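Below is one structure; the comments refer to it alone.
Numbering (the UniProt record's numbering), first residue to last: 1 to 285.
Shown next, in the form of structure tokens:
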């Protein structure tokens, strides 16, 4: 991980700024964190070590499915909703605008946004070390950090010009703290028809009918500025559907044999609806 990426982080124990010394991130109070051989930093507090993140199998399925491009309309919408130029004259930009993705997984969406903007860089946050291993290898402009999204995020105040939150936990207080004045939070949430053709057959988790209300409540302190609906029909073969299910929490409720039996009754390929909303938010002044 590059020194300029470590410099936006802070110690999860004392909150002091971190700096990179060799392959160790240290704060002035002497707390230190070694870079993993894969290049990521584990800043997960010891009190959070019991949290269950995505498994190696889930991350492998996610990486393969996303690489095939079926969810590229979501990434394209995030890029389109990321401002070309940000009104951040009062902020020291340092080494370039910073995009932080909370619950980044393999950093597929973050990498797309960073690649689309010259000079931008990113931090991928996820509780899964398997996700961090993948994210750390995506792009040298992206640093991967293991942390707990429901606790204090290991980032300095007001360092992020853009925050991405795609099907991920929303800790409004912490996201507001790390977002720079004038910065943008982009949230992706599923709509009622998302993966509708698979829900009953495969027993997938249904979209909450109170989604909009819960979204607004979960982002107390933010105001919504724009909404964009993204809906396309995907043509997925059985292998792709297996990977899609395997990368979601629904995978924990069906073993591989039962998933295969249920998938077998579907057309091959099957038409499956991708339907999400990309909403932009700013901190209430």
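Built from N, CA and C at the ideal position, the CB exists for glycine as well.
Predicted model, so just to flag it, every value in this text is computed and none were measured.
- Membership of residue 46 in any alpha helix (DSSP H) is not indicated, and neither H nor E is assigned to it by DSSP.
- Going by C-alpha positions, residue 128 is about 31 Å away from residue 84.
- By the CB criterion at 8 Å, residue 176 and residue 119 fall outside the cutoff.
- In chain order, 40, 124, 132, 135, 136 place their CB closer than 6 Å to the CB of residue 144, counting only its own chain and leaving out the 5 sequence neighbours on each side.
- Between the alpha carbons of residue 245 and residue 53 lies a distance of about 16 Å.
- Each of 181, 204, 211 was checked against the Cα of residue 187, and the nearest Cα belongs to 211.
- Our two residues, residue 158 and residue 72, have alpha carbons roughly 29 Å apart in a direct line.
- Rounded to the nearest whole angstrom, the C-alpha separation of residue 107 and residue 267 is 31 Å.
- Residue 18 sits away from residue 5, with the two beta carbons spaced by 8 Å or more.
- The DSSP-derived three-state label of residue 211 is helix.
- The alpha carbon of residue 115 has as its nearest neighbour, out of 79, 225, 183, 168, the alpha carbon of 79.
- Collapsing the DSSP output to three states places residue 235 in a strand.
- Listed in chain order, the non-local C-beta contacts of residue 14 below 8 Å within the same chain comprise 27, 29, 31, local neighbours out to five positions each way being set aside.
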